Amino acid sequence: MKFFIDTANLNDIREAYNLGVLDGVTTNPSLMAKEGISGKENIMKHYKAICDIVDDEVSAEVIATDYEGIIKEGQELAAIDPKIVVKVPMIKDGLKAIKYFADHNIRTNCTLVFTAGQALLAAKAGATFVSPFIGRLDDVATDGLQLIEQIRLIYDNYGFETQILAASVRHTMHLIKCAEIGADVVTCPLNVITSLLQHPLTDIGLAKFLADHKKANG
Ligand code: G3P
């Protein structure tokens, strides 16, 4: 199972990478804006800075929503670094662009996926990754994890190679459940990854071991 960090914050990306468990990064226009990154040149430079930290698979999202615009922008993003994966929204022109990119060996991440039907289309078009947003489904009283299960079943039925990238992962139980279901990737903020480390019995046990060692060794 791959771990991606869902942020454009370079410090968080470095910290996750230094933990030794990071496989890639996902960003989106909201996350770039949150870091105060604006203007095409700065945005491109920031993607390059992210690519320089991690080993592979940095999702960079297109802003265009028309076919020609998505193709042009996707090609520009892909030219920044071989680690770039072009993130394309699940819209009609986006779907056509995913097919174009697949035919031209450019990796894609189909984003804003909320139904199994959308995930099926993304796989048929040849998306490298599909991003179902589980937290946002939970927000509207729909079971996001159930969607991951459904997509897993459908992809396995037909041997689709598109990787299920569970996105909008908000807490550790989302992540653990995604692992049980067989999501290929999860993307989440740094705190969700570091929360996996924590258990009070680990802290209590370690304190006792160190105290006992001190008693015996002075
Ligand atoms: O990867 C998608 C993600 O950025 C959305 O997360 O928490 O804004 O729903 P969230």
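Position 87 of the sequence shown, counted from 1, bears residue number 95 in the working numbering, the numbering being contiguous throughout. All residues carry an ideal CB built from backbone N, CA and C; glycine is no exception. Only a predicted model underlies this, so the values are computations on that prediction, with no experimental measurement involved.
- Message: I need the straight-line Cα distance from residue 62 to residue 100, nearest angstrom please.
- Response: 32 Å
- Cβ neighbour criterion (16 or more within 10 Å) applied to residue 114: buried
- Message: Residues in the same chain with beta-carbon distance under 6 Å from residue 187, minus the five sequence neighbours each way, listed in chain order, please.
- Response: 9
- Message: Short of 7 Å in beta carbon distance, which residues of its chain neighbour residue 79, apart from the five on each side in sequence? Order them along the chain.
- Response: 105, 108
- Item | Residue from 16, 28, 18 with nearest C-alpha to residue 201 | 28
- Query: Enumerated in chain order, which unbroken segments of the beta strand (DSSP E) with a length of 3 residues or greater are wholly contained in the segment 165-213?
  - Reply: 171-174, 193-196
- Message: Quick check: does the Cβ of residue 14 come within less than 7 Å of any heavy atom belonging to the ligand G3P?
- Response: Relative to the ligand G3P, the nearest heavy atom lies less than 7 Å away from the CB of residue 14.
- Message: Let's test the definition: count the other Cβ atoms within 10 Å of the Cβ of residue 208 and tell me whether it reaches 16, buried, or not, exposed.
- Response: By the neighbour-count rule (16 or more Cβ atoms within 10 Å), residue 208 is not buried but exposed.
- Going along the chain, which unbroken runs of the alpha helix (DSSP H) with 4 or more residues stay wholly within the segment 53-132? 75-88, 100-111
- Task: Inspect the beta-carbon positions of residue 142 and residue 174 and report whether they are closer than 8 Å.
- Result: yes
- Task: Report yes if the C-beta of residue 139 is less than 7 Å from at least one heavy atom of the ligand G3P; otherwise report no.
- Result: Yes - the ligand G3P has a heavy atom lying nearer than 7 Å to the Cβ of residue 139.
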